[in-house]
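Protein chains in written order, with this note's numbering: chain B, 43 to 512; chain V, 537 to 848.
Let me begin by presenting the structure, written as structure tokens, before commenting on it.
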């Protein structure tokens, strides 16, 4: 009897285990996935799975996808939001054959296009785009081909429908005014002085500037470097090598913020939302970030005082290089998609005039195409209008994707801002490590050298890139 | 009748074989789930590491690099610095957490009113998510409006706020405080379990012989706790060397890599950063080296513990 029970128990446990291992249903990839909208059409309809890492636009997306599903009997969209570890989730899903048909993509996702194309993951959209004049008109796709970001040569892999502005300074008008400044000065040294003046006025309770632990250098100092003519991500496009030496004056000037005691103590150890909340409380006068702050300081951490948005200062008050902006709200089709024509119809819907008009007027992103800029009522976008693109904002070609040893340039240069190393030491270290990684990548074939002979730092996307394997 | 007997006689050994085979099948089936899990979540991932040690692998495409990942490892000063920080962190953590857990276990084992409530309170950090507790400590350690600075200033211990997480001199102590707070309750329970297994009559005999509290603790409790103590120490050593989650939330290895421990360094290589791609092949090599380091430390401890047993 005992043996019989043992056999029954063993069989039941084994069957349970196998059942658990075998159940791979569902469209989510785990983690914090959430299916916000599911297909509800008939069994004959083609279901197109779309994964997004955007939660801020969930309400609008759900509403519009419901409308699409209700008006289509042949195609149904199943929409899933996954916010954590986006790039790795997509890669793992692709390798496990559970990837969706379409994913959202933005320049800020850190998904190096060449890696995904050589890895056979992204489908070229060029044949579909060439055959669709309406899509071309609304998106102005051929004006927004960014080498290495959304296209390689003539092949287009995703089309941005919007853009996040380059970084700006958001500031507390009253605090700067009390310190004797009517706004944000035009040079970095003057801004450093302004922050010092605010701190002195603050008597230990209010400070000039605040940072965050989350990529502090790229919040606004990197933008100052770009506009002052420093190399984008340290890459010299003309010579095809990494050279960070042009960053020196910016780093040395920014380091004065810490040397003067103008930075909110410990803000560089706080998460980005903590620092935003402290700015909204009036703990410091100057904060830097891109157009997403329009929504943050309106809805997430409503600011009760008068706050302004200013363009970044430069080293000498003149703009010598383009400020990086971030194309976003694009969609790419994965090669594993079995119904590519239906998937294209869904991508087309997300990029259509009707869809984008509501999306842009909802303030979810800034318009990228002139066509859509002219179609929307910008008065409906709230403070997002303060972040409208300037004529010196552009998208840089993607520098070679190198496997560096040690800390990346953002961490290394931030250490110089903190005073842990000198700017010279940091720059020499970066030049050595990045160029060694470039040479190593060229020798093992994992990257190519991008060279743009006609490179214009004010219009970096206008150059003609060539790729070298040596 | 005789035919029936003959058939029975022939069948008897068969029934014996069937029972034996059935028992074996049952054993295999009983073991199957555990073995399957072991293979899938432990052995396969470990073998997977070996697959990429000779490659530069970004998660999609692998590029053969020969022995470069190994030669790089020997000259990777950031990695070896992180190994040094790991030893510093682990040794300090064990120095504080084990005596604290033992003392608290001894106190909690006394029949004191309300000790049950304290047991629950001390054990609670063990069941709270490391990420959540680290975030809460982030607020506590905040240099501006932080709770710890406010308390220290109110009591006159400090006159100026301390940048606990942003200062190289204090960051390691800050992450250690979180580690000790989060772990001592667990070891306290282990020690209490060990204490409860010591026969009460031994204590009574010691008391009759006139032994005081301290004498009883060092002459009775500690020696009789020795087998359990060895296991707890081994668990504490491996856990301390593998810690990185709370450090990742609190300091991300900073400031200036002061709290960079080896498994956090490996994690950052494995998943990449906002500007660097994953370096899975190299991370695999470092994972193997880290496993060897932890293995050697644990082995040395076991050897030392055995030698001490022989001496004592």
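We put the beta carbon where it would ideally sit given N, CA and C, even for glycine.
Computed from a prediction, not measured in an experiment: that's the story for all the values here.
Through-space distance from residue j to residue i, alpha-carbon basis
{"i": "residue 590 of chain V", "j": "residue 331 of chain B", "result": "41 Å"}
{"i": "residue 425 of chain B", "j": "residue 205 of chain B", "result": "15 Å"}
{"i": "residue 569 of chain V", "j": "residue 104 of chain B", "result": "41 Å"}
{"i": "residue 728 of chain V", "j": "residue 748 of chain V", "result": "20 Å"}
{"i": "residue 854 of chain V", "j": "residue 613 of chain V", "result": "Given that chain V is displayed from residue 537 to residue 848, the structure contains no residue 854 of chain V and the question cannot be resolved."}
{"i": "residue 631 of chain V", "j": "residue 662 of chain V", "result": "19 Å"}
{"i": "residue 841 of chain V", "j": "residue 771 of chain V", "result": "14 Å"}
{"i": "residue 438 of chain B", "j": "residue 274 of chain B", "result": "8 Å"}
{"i": "residue 658 of chain V", "j": "residue 682 of chain V", "result": "23 Å"}
{"i": "residue 719 of chain V", "j": "residue 633 of chain V", "result": "7 Å"}
{"i": "residue 259 of chain B", "j": "residue 460 of chain B", "result": "11 Å"}
{"i": "residue 56 of chain B", "j": "residue 583 of chain V", "result": "Model confidence at residue 56 of chain B stands at a pLDDT of 42, short of 50, so the residue's coordinates are unreliable; what they give is reported in the following sentence. Cα to Cα, residue 56 of chain B sits roughly 25 Å from residue 583 of chain V."}
{"i": "residue 64 of chain B", "j": "residue 256 of chain B", "result": "Only weak support exists for where residue 64 of chain B lies, its pLDDT of 35 falling under 50; the value from the coordinates is given anyway. Roughly 39 Å separates the two Cα atoms."}
{"i": "residue 712 of chain V", "j": "residue 823 of chain V", "result": "23 Å"}
{"i": "residue 717 of chain V", "j": "residue 169 of chain B", "result": "60 Å"}
{"i": "residue 177 of chain B", "j": "residue 201 of chain B", "result": "10 Å"}
{"i": "residue 595 of chain V", "j": "residue 112 of chain B", "result": "38 Å"}
{"i": "residue 844 of chain V", "j": "residue 759 of chain V", "result": "12 Å"}
{"i": "residue 131 of chain B", "j": "residue 137 of chain B", "result": "10 Å"}
{"i": "residue 349 of chain B", "j": "residue 428 of chain B", "result": "11 Å"}
{"i": "residue 835 of chain V", "j": "residue 802 of chain V", "result": "23 Å"}
{"i": "residue 418 of chain B", "j": "residue 403 of chain B", "result": "6 Å"}
{"i": "residue 77 of chain B", "j": "residue 339 of chain B", "result": "In this prediction, residue 77 of chain B scores a pLDDT of 47, lower than 50, which makes its location untrustworthy; no coordinate-derived value is stated."}
{"i": "residue 158 of chain B", "j": "residue 122 of chain B", "result": "21 Å"}
{"i": "residue 501 of chain B", "j": "residue 88 of chain B", "result": "43 Å"}
Whole-number beta carbon distance between residue j and residue i, since they are thought to touch under 8 Å
{"i": "residue 779 of chain V", "j": "residue 826 of chain V", "result": "About 12 Å separates the two Cβ atoms, so there is no contact after all."}
{"i": "residue 155 of chain B", "j": "residue 191 of chain B", "result": "6 Å"}
{"i": "residue 237 of chain B", "j": "residue 246 of chain B", "result": "Incorrect: roughly 15 Å between the Cβ atoms, too far for contact."}
{"i": "residue 483 of chain B", "j": "residue 442 of chain B", "result": "7 Å"}
{"i": "residue 385 of chain B", "j": "residue 398 of chain B", "result": "Their Cβ separation, rounded to whole angstroms, is 19 Å, which puts residue 385 of chain B and residue 398 of chain B out of contact at 8 Å."}
{"i": "residue 498 of chain B", "j": "residue 505 of chain B", "result": "6 Å"}
Beta-carbon neighbours of residue i, restricted to chain B and to distances below 7 Å
{"i": "residue 599 of chain V", "result": "486, 487 and 488"}
{"i": "residue 678 of chain V", "result": "308 and 312"}
{"i": "residue 864 of chain V", "result": "Not covered by the structure: residue 864 of chain V. The range shown for chain V is 537 to 848."}
{"i": "residue 697 of chain V", "result": "307"}
Proximal chain V residues relative to residue i, where beta-carbon distance stays under 9 Å
{"i": "residue 157 of chain B", "result": "594, 595, 596, 597 and 813"}
{"i": "residue 154 of chain B", "result": "594 and 813"}
Listed by chain order, chain V residues near residue i by CB distance under 7 Å
{"i": "residue 255 of chain B", "result": "788"}
{"i": "residue 446 of chain B", "result": "812"}
{"i": "residue 163 of chain B", "result": "596"}
{"i": "residue 160 of chain B", "result": "597"}
Partner residues on chain V for residue i, Cβ-Cβ distance less than 8 Å
{"i": "residue 451 of chain B", "result": "811"}
{"i": "residue 133 of chain B", "result": "595 and 596"}
Residue interval of the beta strand (DSSP E) (run including residue i)
{"i": "residue 250 of chain B", "result": "249-251"}
{"i": "residue 370 of chain B", "result": "368-370"}
{"i": "residue 158 of chain B", "result": "Per DSSP, residue 158 of chain B belongs to no beta strand (DSSP E); it is in the alpha helix (DSSP H), 155-160."}
{"i": "residue 513 of chain B", "result": "Residue 513 of chain B is absent from the model: chain B starts at 43 and stops at 512."}
{"i": "residue 119 of chain B", "result": "117-123"}
{"i": "residue 497 of chain B", "result": "Looking at the DSSP string, residue 497 of chain B is not in any beta strand (DSSP E), and its letter there is neither H nor E."}
{"i": "residue 93 of chain B", "result": "88-94"}
{"i": "residue 801 of chain V", "result": "Not the beta strand (DSSP E): residue 801 of chain V falls in the alpha helix (DSSP H), residues 798-807."}
{"i": "residue 509 of chain B", "result": "507-510"}
Where the alpha helix (DSSP H) containing residue i begins and where it ends
{"i": "residue 669 of chain V", "result": "666-677"}
{"i": "residue 146 of chain B", "result": "Where residue 146 of chain B is concerned, there is no enclosing alpha helix (DSSP H), although the beta strand (DSSP E) it sits in stretches over 144-147."}
{"i": "residue 102 of chain B", "result": "100-113"}
{"i": "residue 565 of chain B", "result": "Residue 565 of chain B is absent from the model: chain B starts at 43 and stops at 512."}
{"i": "residue 655 of chain V", "result": "651-663"}
{"i": "residue 763 of chain V", "result": "758-778"}
Within chain B, the residues that residue i reaches when beta carbons sit closer than 9 Å
{"i": "residue 791 of chain V", "result": "310, 311, 457, 460 and 462"}
{"i": "residue 614 of chain V", "result": "447, 448 and 449"}
{"i": "residue 705 of chain V", "result": "Result: empty, since nearest Cβ-Cβ is about 12 Å, beyond 9 Å."}
Proximity test, Cβ basis, 8 Å: residue i and chain C
{"i": "residue 346 of chain B", "result": "No chain C appears in this structure, whose protein chains are B and V."}
Residue i: CB within 7 Å of a non-hydrogen atom of the ligand FMN
{"i": "residue 724 of chain V", "result": "The ligand FMN is not part of this structure, which contains no ligands at all."}
Per-residue contacts from residue i into chain B (C-beta, under 8 Å)
{"i": "residue 608 of chain V", "result": "447"}
{"i": "residue 807 of chain V", "result": "127 and 130"}
Whole beta strand (DSSP E) runs in the stretch 201-233 of chain B with 3 or more residues, listed along the chain?
Listed in chain order, the complete beta strand (DSSP E) runs (minimum 3 residues) inside the stretch 201-233 of chain B are 204-206 and 210-214.
Where are the beta strand (DSSP E) runs, 3 residues long or more, that stay fully inside the stretch 289-348 of chain B, in chain order?
Runs found: 326-331.
What are the complete beta strand (DSSP E) segments, minimum 3 residues, inside the stretch 708-756 of chain V?
Scanning the stretch 708-756 of chain V for uninterrupted beta strand (DSSP E) segments of 3 residues or longer gives nothing; none is fully contained.
Which runs of the beta strand (DSSP E) fall wholly inside the stretch 571-636 of chain V and span at least 3 residues, in chain order?
As far as the stretch 571-636 of chain V is concerned, its whole beta strand (DSSP E) runs of at least 3 residues are 591-593 and 598-600.
Just to confirm the assignment: which complete beta strand (DSSP E) runs, minimum length 3, are found wholly within the stretch 420-466 of chain B?
Runs of beta strand (DSSP E) with 3 or more residues, each lying fully within the stretch 420-466 of chain B, are absent.
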